[in-house]
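Residue numbers (the working numbering): 204 to 471.
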């Protein structure tokens, strides 16, 4: 795990913006999961709980899990402020201990959002927890940075980091975080690992999930490289004249209801 952890105090502006918008799930998440009202959803590595509470806004009964006590306190505070504490709870635990921390409960939806896998040294151990948390017939949804994007240099589209999971982490000293870039960090060193698409999917399948679809996107949700461009401020991609490259991906999987593999379903 990262030595610095995450900065977990939202600025007052972030509070006000989120509470005023009261957003629900993103359109791509609605397309993948449909109506979540009444469903039990667990968000692993939820950090401040913003995305967790988006599903609570849509009527799901949500559980967020994160290893940072301060992040969990901030998430609980936001749930209270937004009037969602009756259907949202937050648990402080390492994702590798999620099944035990949640007392072996299972969920209709297991959800993991972008920027989660790079903090984990073993995608196999992560997949074991994910699969065990899905109820029979339950679904797992992941939208994540593409391992190709993670492996690229900052200033040009060439590989400078491993595409595959390696035993040793990539070590970086950073003075800020995406949560509040105006605030400096005391603990600046962090440790990250990449994981190939095949490693991720195979680990999930090995632990009993069945893949419904896998989509690779030529866009990222923020400007991760200076040479990316955007038309709408929400999706960043390569400029005209440059080959399209995978920058993010999404997948949907499910746990078969009968312990056997179901018939394959078409991609959306």
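Where a beta carbon is used, it is the ideal one built from N, C-alpha and C, also for glycine.
Where residue i falls: helix, strand or coil (DSSP)
i	result
residue 249	coil
residue 447	coil
residue 394	strand
residue 331	helix
residue 453	strand
residue 221	helix
residue 206	For residue 206, the pLDDT reaches just 31, beneath the cut-off of 50, and the residue's location in the model is therefore unreliable, although a value from the coordinates is still provided. Note: residue 206 maps to coil in three-state DSSP.
residue 256	helix
residue 461	coil
residue 413	strand
residue 243	strand
residue 430	coil
residue 405	helix
Alpha-carbon to alpha-carbon, residue j and residue i
i	j	result
residue 456	residue 411	10 Å
residue 363	residue 285	43 Å
residue 384	residue 427	At residue 384, the pLDDT of 48 sits below 50, so the modelled position is not reliable; the number obtained from the coordinates is stated separately. Cα-Cα distance, rounded: 14 Å.
residue 445	residue 439	13 Å
residue 309	residue 371	32 Å
residue 366	residue 267	29 Å
residue 174	residue 229	The structure shown does not extend to residue 174, since the chain spans only 204 to 471, so no value can be given for it.
residue 369	residue 399	10 Å
residue 346	residue 250	16 Å
residue 283	residue 423	31 Å
residue 278	residue 315	16 Å
residue 232	residue 263	13 Å
residue 328	residue 452	21 Å
residue 450	residue 441	9 Å
residue 275	residue 341	25 Å
residue 433	residue 443	11 Å
residue 220	residue 461	44 Å
residue 402	residue 280	37 Å
residue 419	residue 352	11 Å
residue 454	residue 406	13 Å
residue 429	residue 354	15 Å
residue 320	residue 223	30 Å
Nearest neighbour of residue i, chosen from the options [CA to CA]
i	options	result
residue 350	460, 240, 360 and 343	360
residue 235	326, 262 and 312	312
residue 306	395, 283 and 335	335
residue 147	404, 421, 248 and 419	Residue 147 is absent from the structure shown; the chain starts at 204 and stops at 471.
residue 292	269, 302, 320 and 340	269
residue 272	294, 259, 265 and 256	294
residue 246	221, 220, 224 and 318	318
residue 243	337, 221, 354 and 406	337
residue 374	358, 394 and 356	394
residue 297	429, 248 and 417	248
residue 326	425, 397, 265 and 304	397
residue 255	238, 224, 237 and 287	287
residue 226	339, 261 and 238	261
residue 348	238, 448 and 239	448
residue 290	252, 322 and 324	252
residue 237	304, 343, 339 and 322	343
Start-to-end residues for the alpha helix (DSSP H) that takes in residue i
i	result
residue 266	Taken as a continuous stretch (DSSP letters only), residue 266 belongs to no alpha helix (DSSP H), being part of the beta strand (DSSP E) at 264–269.
residue 234	230–236
residue 291	Looking at the DSSP string, residue 291 is not in any alpha helix (DSSP H); the run it does join, the beta strand (DSSP E), is 291–295.
residue 272	272–284
residue 301	301–304
Terminal residues of the beta strand (DSSP E) in which residue i lies
i	result
residue 421	Careful: residue 421 lies outside any beta strand (DSSP E) and carries neither H nor E.
residue 311	310–315
Inset, instruction - Note down, one range per segment and in chain order, each alpha helix (DSSP H) of at least 4 residues found wholly within the segment 325–376. - result: 326–336 and 350–354
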